[in-house]
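All residue numbers for the sequence shown refer to the numbering used here, where the first residue is 1 and numbers rise by one.
Each residue gets a CB set at the ideal place from its N, CA and C atoms; glycine is no exception.
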Amino acid sequence: MKYVLAISGGVDSCVLLNMIATSFQEFCDNNFPDAIWPDDFIVAHFEHGVRGLESKKDVEFVRNLAEKYNVKFALGEGNLSPNCSEELAREKRYEFLRKVANCHSEIVEGSIQNLRRSFDYAQDDTLIVTAHHQDDLLETIVINLIRGTGWRGLAPMSDPQILRPLLKLTKFEIINYALENNLNWVEDATNFSPNYLRNRVRDFLANWPKAERQKLLDLYEKQRTLRTEIEKEIAEYDKKKLSRYFLTMIDESSALEILREATKGKLTYPQLRQTLIFAKTALPHKKNNFKDVKIHAELREIIIETK
């Protein structure tokens, strides 16, 4: 297994990198079994391009960190607008990380051919590693609740291709580790701006009673178990050819979950409901197409194609 480490230069990712490089309290054995440091790792840094000179300094900081730990380094540049949304910034960052993981990124130090020679791996044998911690998890759940989430929003950070080994640690514990080990890190000024919802939620949670925090964590654990069971069940179905009779006979919520999986999460819930109605009522050879999803009705099945 190979690992792409998402390193921003902030305290969280610097602690993650140090724990891996030093195998703090068997950290590597517990989270990266059989991995060899630094051969099986690459530090990936995405420069969003929204903070000018400050973000350029972050690039050099992370590049120097990679040199210090003697680990390979890949750089992505987003050139985003200073007014871009949190969602767009996150989308572009993960797009870059997945390109590195898939060995298809044009935005790395040197050419992609050099990256392939020095860091050769297959997609199925690669995980992205982030420094998300317990506070990040709670913030995400609260944000999802504010926005009106479905049940999945109570069990976020569940992508099997993304490893988050710090989820059991609080921000307080991470900062303590950094101070005790004399680590340096950079501060992103946008983390303190009230313009971002996450920052406002973070300030709110900072004053939350410990008991309330634990209730939300307990709810997360229950939903995470439920999510695993549901997704395991859904995985049994053919994702490209679904029985129209079966979709008609099962309850609507189950049908929508199966369609959501079949369309790779590319449709909104109103679009999924529209698709379910189409599956139940459309004449053979009718089509119902969306931007990234094409659906074709046959006599007994609907055929689903996704980009």
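Residues near Asp-120 in its chain [Cβ-Cβ closer than 6 Å; skip 5 each side]: As a position in the sequence shown, residue 120 is number 120, starting the count at 1. Caution applies to Asp-120, whose pLDDT of 43 falls short of 50 and renders its modelled position unreliable; the value that the coordinates give is listed next. Around Asp-120: no qualifying Cβ.
So, is Arg-164 buried or exposed, given that buried needs 16 or more other C-beta atoms within 10 angstroms? If you number the sequence shown from 1, residue 164 lands on position 164. By the 16-neighbour rule on beta-carbons within 10 angstroms, Arg-164 is buried.
Can you tell me whether Arg-300 is buried or exposed, with buried defined as 16 or more other CB within 10 angstroms of its CB? Along the sequence shown, one-based indexing puts residue 300 at 300. With fewer than 16 Cβ atoms within 10 Å of its Cβ, Arg-300 is classed as exposed.
Can the beta-carbon of Glu-261 be found less than 7 Å from the beta-carbon of Ile-234? One-based indexing of the sequence shown puts residue 261 at position 261. One-based indexing of the sequence shown puts residue 234 at position 234. For Glu-261 and Ile-234, yes; Cβs fall inside 7 Å.
Val-15: first and last residue of the uninterrupted alpha helix (DSSP H) it sits in: The residue given as residue 15 occupies position 15 in the sequence shown. For Val-15, the enclosing alpha helix (DSSP H) stretches over residues 11-22.
In the DSSP output, which residue or residues are listed as bridge partners for Thr-140? As a working mapping, residue 140 is identified with position 140 in the sequence shown. Residue pairing by DSSP places Thr-140 opposite no residue, since no beta bridge is assigned to it.
Under a Cβ-count criterion, where at least 16 other Cβ atoms within 10 Å of its own Cβ denotes burial, should Thr-126 be classed as buried or exposed? The residue labelled residue 126 in the question sits at position 126 within the sequence shown. Buried is the call here.
Enclosing beta strand (DSSP E) for Asn-289 [first to last residue]: Locating residue 289 in the sequence shown gives position 289, counting from the first residue. Run containing Asn-289: 287-289, per the beta strand (DSSP E) assignment.
Mapping DSSP to helix, strand and coil, what is Arg-117? Walking along the sequence shown from the start, residue 117 turns up at place 117. With a pLDDT of only 40 at Arg-117, under 50, the local geometry of the prediction cannot be trusted, and no value is derived from it.
Would you list the residues sitting across from Glu-301 in a DSSP beta bridge? The residue labelled residue 301 in the question sits at position 301 within the sequence shown. DSSP lists Ser-243 as the beta-bridge partner residues of Glu-301.
Along the chain, where does the beta strand (DSSP E) that runs through Leu-5 open and close? To locate residue 5, count along the sequence shown from 1; it is residue 5. Leu-5 -> beta strand (DSSP E) spans 2-6.
Taking contact to mean at least 3 C-beta pairs separated by less than 8 Å, is the region 6-19 in contact with the region 173-186? With a cut-off of 8 Å, the region 173-186 and the region 6-19 count as touching, because enough Cβ pairs lie within range.
Mark Leu-217 as exposed unless 16 or more other C-beta atoms lie within 10 angstroms of its C-beta, in which case mark it buried. One-based indexing of the sequence shown puts residue 217 at position 217. Leu-217 should be labelled exposed.
Please say whether Val-186 and Gly-76 have beta carbons closer to each other than 7 Å? As a working mapping, residue 76 is identified with position 76 in the sequence shown. As a working mapping, residue 186 is identified with position 186 in the sequence shown. No, the Cβ-Cβ distance between Gly-76 and Val-186 is not below 7 Å.
When DSSP labels each residue in this structure, what does Glu-47 get in the three-state scheme? Residue numbering aside, residue 47 sits at position 47 when the sequence shown is read from its first letter. Three-state result, Glu-47: strand.
Three or more C-beta pairs under 8 Å: does that hold for the region 55-67 against the region 190-197? Pairwise C-beta distances place the region 55-67 out of contact with the region 190-197, as fewer than three of them are shorter than 8 Å.
For Ala-74, which residues does DSSP report across the bridge? If you number the sequence shown from 1, residue 74 lands on position 74. Answer is Ala-44, bridged to Ala-74.
Determine, using beta carbons only, whether Ala-44 and Val-71 come nearer to each other than 7 Å. The residue labelled residue 44 in the question sits at position 44 within the sequence shown. The residue labelled residue 71 in the question sits at position 71 within the sequence shown. Contact check for Ala-44 against Val-71 fails: the beta carbons are separated by 7 Å or more.
Please report the distance separating the alpha-carbon of Arg-224 from that of Gly-153. On the sequence shown, residue 224 is found 224 positions in, with the first residue counted as 1. On the sequence shown, residue 153 is found 153 positions in, with the first residue counted as 1. In this structure, the CA atom of Arg-224 is about 10 Å from the CA atom of Gly-153.
Terminal residues of the continuous alpha helix (DSSP H) containing Thr-225? As a first step, residue 225 must be located in the sequence shown, where it is residue number 225. Thr-225 -> alpha helix (DSSP H) spans 210-234.
Identify, in the order they occur along the chain, each residue of the same chain with its Cβ nearer than 6 Å to the Cβ of Glu-54, setting aside the five sequence neighbours on each side. Counting from one through the sequence shown, the residue named residue 54 turns up at place 54. Excluding residues within five positions, none has a Cβ falling inside 6 Å.
Buried or exposed by the 16-neighbour rule on C-beta atoms within 10 Å, applied to Phe-192: Position 192 of the sequence shown, counted from the first residue, corresponds to residue 192. Under the 10 Å beta carbon count, Phe-192 is surrounded by fewer than 16 other beta carbons and is classified as exposed.
When the Cα atoms are used, what is the spatial distance from Ala-155 to Glu-221? In the sequence shown, the residue the question calls residue 155 occupies position 155. In the sequence shown, the residue the question calls residue 221 occupies position 221. So the two alpha carbons sit approximately 8 Å from each other.
Counting Cβ pairs closer than 8 Å, one from the region 132-148 and one from the region 91-98, do we hit at least three? With the cut-off at 8 Å, the region 132-148 and the region 91-98 do not touch.
Compute the Euclidean distance between the alpha carbons of Gly-78 and Asn-102, then round it to the nearest angstrom. Taking the first residue of the sequence shown as position 1, residue 78 is located at position 78. Taking the first residue of the sequence shown as position 1, residue 102 is located at position 102. Distance between the alpha carbons of Gly-78 and Asn-102 is about 18 Å.
For Val-293, list the residues DSSP reports as bridge partners. Locating residue 293 in the sequence shown gives position 293, where the first residue counts as 1. Answer is Thr-306.
So if DSSP puts Ile-162 in a beta bridge, which residue, or which two residues, is it bridged to? Along the sequence shown, read from residue 1 onward, the residue named residue 162 stands at position 162. DSSP output for Ile-162 lists Ile-128 as bridge partner(s).
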